[in-house]
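Position one of the sequence shown corresponds to residue 5 (my numbering), numbered consecutively onward. Glycine residues also receive a C-beta, built at the ideal position from the N, C-alpha and C atoms. Computed from a predicted model, the values in this text were never measured in an experiment.
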Amino acid sequence: MNEPSFFIDHIPIEGDLILAPMDGVTDLPFREICRQFGSAMSVTEFINALDVLEDHPRYHQRLAFTPSQRPMSLQILGNKPERMLEAAKRLVPAVNPDILDINLGCQSKNVTARGAGAALMKTPEKIAAIFQLMKSHFNLPISGKIRLGWDEDSLNYQEVARIIEENGGAMVAVHGRTRKQAYRGQARWEPIGEIKAALSIPVIGNGDVRTVADIEAIKKITGCDAVMIGRAAVGNPWLFSRLDREDVPPSVVHETCLKQLSDMLDFYGDRGVITFRKYLKAYLSPYSIPREELLPLMKSKDPQFIRQYLDAFFNSDSIR
Ligand SMILES: Cc1cc2nc3c(=O)[nH]c(=O)nc-3n(C[C@H](O)[C@H](O)[C@H](O)COP(=O)(O)O)c2cc1C
5 MNEPSFFIDH IPIEGDLILA PMDGVTDLPF REICRQFGSA MSVTEFINAL DVLEDHPRYH
65 QRLAFTPSQR PMSLQILGNK PERMLEAAKR LVPAVNPDIL DINLGCQSKN VTARGAGAAL
125 MKTPEKIAAI FQLMKSHFNL PISGKIRLGW DEDSLNYQEV ARIIEENGGA MVAVHGRTRK
185 QAYRGQARWE PIGEIKAALS IPVIGNGDVR TVADIEAIKK ITGCDAVMIG RAAVGNPWLF
245 SRLDREDVPP SVVHETCLKQ LSDMLDFYGD RGVITFRKYL KAYLSPYSIP REELLPLMKS
305 KDPQFIRQYL DAFFNSDSIR
């Protein structure tokens, strides 16, 4: 076992780079790839408490993970503390996660309109209730993933982070934007440093980390225990090995594309090809492939066609 970088309660985390949860992106096969290259733990895409209580089939696949993905955190999204607890009571015994994470940052309108995700930051008393309920029912570390606040007039990240700690939370991950910003502008890292200075539990910094230099910069500015990387991991999961994309040999990109395609077909069946497209596009984006060449690839439903293209492309003299 490697020396842990830090602990989330009693759970050792071996590394300081972690794949951020992303709805529709960080499924089991992609998490597997990121773990292989060094992401130190795994988080599910958000699991909507309502889906669980209504037993909507869509959430089942989002819960799947392999033992090698532990420490595994299960992220719950909801607007009502009691309902979130009910959902967690069904999920925890069935899935046996290492950590329960509360989504306090989702910005999408249909989530926040009903008071869930980042909208919970407007009702800190609900956040306290969620952590108290979860803490009293489960013998698991409970963490929270927050933004800086709802908008510029309500930057209550310090209050929310303190509430999480005071109510038994074991870790806070902070995306350095408000809900109103969604993904616009530049993430601010200084407030993450303010949170780190004020809390004793681990703080994970997040937002716009795209390069190895960004990793070192956010760590230096915030003093955070670890860094979460979201969008930049799509196309560069090697960032978890502290490699910028231009430093990744094409042969490794080739091998990874084939592995992910194959893992996605295993996981999703035939529709895995379609799901794979967005990753493929990102893997190939540095090579400026002409549009007319890329288009048939991006429309293809035939894994063999994609494999043959990749083999020819990565074995061509121009790429090596
Ligand atoms: C497509 C997409 C889906 C996301 N889904 C989730 C989610 O399910 N749970 C969550 O806590 N954050 C979610 N996020 C936010 C990311 O975890 C992360 O905080 C954000 O992308 C900023 O980090 P980045 O700049 O490294 O991408 C999502 C972000 C994106 C782009």
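Could you give the distance in angstroms between the alpha-carbon of residue 202 and the alpha-carbon of residue 155?
Near 21 Å, if we compare the C-alpha coordinates of residue 155 and residue 202.
With distances taken from CA atoms, which of 83, 93, 256, 87 is nearest residue 107?
Selected option, being the one with the closest Cα: 83.
How far does the alpha helix (DSSP H) with residue 282 in it reach, from first residue to last?
Taken as a continuous stretch (DSSP letters only), the alpha helix (DSSP H) holding residue 282 covers 276-288.
Counting beta carbon pairs with one atom in the segment 113-120 and one in the segment 94-102, are three or more of them shorter than 8 Å?
Result no; under three Cβ-Cβ pairs closer than 8 Å.
What first and last residue would you give for the beta strand (DSSP E) that runs through residue 15?
Residue 15 -> beta strand (DSSP E) spans 15-17.
Report yes if the C-beta distance between residue 342 and residue 238 is below 8 Å; otherwise report no.
Look at the range of the chain in this structure, 5 to 324, and you will see that residue 342 is not part of it.
Could you tell me the alpha carbon to alpha carbon distance between residue 320 and residue 40, rounded to whole angstroms?
Roughly 27 Å between the two C-alpha positions.
On the CB-based measure, 16 or more other CB atoms within 10 Å of its CB, does residue 151 come out buried or exposed?
The residue is buried, with at least 16 neighbouring Cβ atoms inside 10 Å.
Can you check DSSP and say which residues form a bridge with residue 77?
Paired residue(s): 47, 103.
Figure out for me which residue from 20, 6, 12, 13 has the closest Cα to the Cα of residue 224.
The shortest C-alpha separation from residue 224 is found at 20.
Does the Cβ of residue 49 lie closer than 7 Å to at least one heavy atom of ligand 1?
The answer is yes for residue 49.
Under the criterion of a Cβ to heavy atom distance below 7 Å, does residue 211 qualify as lining ligand 1?
Yes, since a heavy atom of ligand 1 falls inside the 7 Å radius drawn around the Cβ of residue 211.
For a quick check, are the C-beta atoms of residue 219 and residue 193 less than 8 Å apart?
For residue 219 and residue 193, no; Cβs fall outside 8 Å.
Measure how close the beta-carbons of residue 80 and residue 128 come, nearest whole angstrom, since I'm counting them as under 8 Å.
At roughly 18 Å, the Cβ-Cβ gap does not stay under 8 Å, so residue 80 and residue 128 are not in contact.
Across which residues does DSSP place residue 179 in a beta bridge pair?
210.
Is residue 79 near ligand 1 - that is, is its Cβ less than 7 Å away from at least one heavy atom of it?
Yes, since a heavy atom of ligand 1 falls inside the 7 Å radius drawn around the Cβ of residue 79.
Taking the CB atoms as reference points, tell me whether residue 92 and residue 234 lie closer together than 8 Å.
Cβ atoms of residue 92 and residue 234: not closer than 8 Å.
Please return the same chain residues whose Cβ sits closer than 6 Å to the Cβ of residue 169, not counting the five positions on each side in sequence.
203, 205, listed in sequence order.
Report the option in 300, 38, 29 whose CA atom is closest to the CA atom of residue 245.
It is 38.
For residue 200, which residues of its own chain have a beta-carbon under 6 Å away from its beta-carbon, when the five flanking residues on both sides are left out?
207, 226, 227, 228, listed in sequence order.
Does the Cβ of residue 27 lie closer than 7 Å to at least one heavy atom of ligand 1?
Yes - ligand 1 has a heavy atom lying nearer than 7 Å to the Cβ of residue 27.
Buried or exposed for residue 190, please, with buried defined as at least 16 other CB atoms from any protein chain shown within 10 angstroms of its CB.
Its Cβ having fewer than 16 others within 10 Å, residue 190 is exposed.
Considering Cα atoms alone, identify which of 243, 139, 32 is closest to residue 22.
Out of 243, 139, 32, 243 has the C-alpha closest to the C-alpha of residue 22.
Look up residue 149 in the DSSP assignment and give the residues it is bridged to.
According to DSSP, which records beta bridges pairwise, residue 149 is partnered with 107, 177.
Tell me the rounded alpha-carbon separation between residue 214 and residue 179.
Taking the straight line from one Cα to the other gives about 14 Å.
Exposed or buried, residue 143, counting other C-beta atoms within 10 Å across all chains shown (16 or more means buried)?
With fewer than 16 Cβ atoms within 10 Å of its Cβ, residue 143 is classed as exposed.
Quick one: is the Cβ of residue 148 within less than 7 Å of any heavy atom of ligand 1?
False, no ligand heavy atom lies under 7 Å from that Cβ.
Within 10 angstroms of its Cβ, does residue 148 collect 16 or more other Cβ (buried), or is it exposed?
The residue is buried, with at least 16 neighbouring Cβ atoms inside 10 Å.
Skipping 5 residues on each side, what residues in its chain have a beta carbon closer than 6 Å to that of residue 175?
The answer, listed in chain order, is 12, 147, 205, 206.
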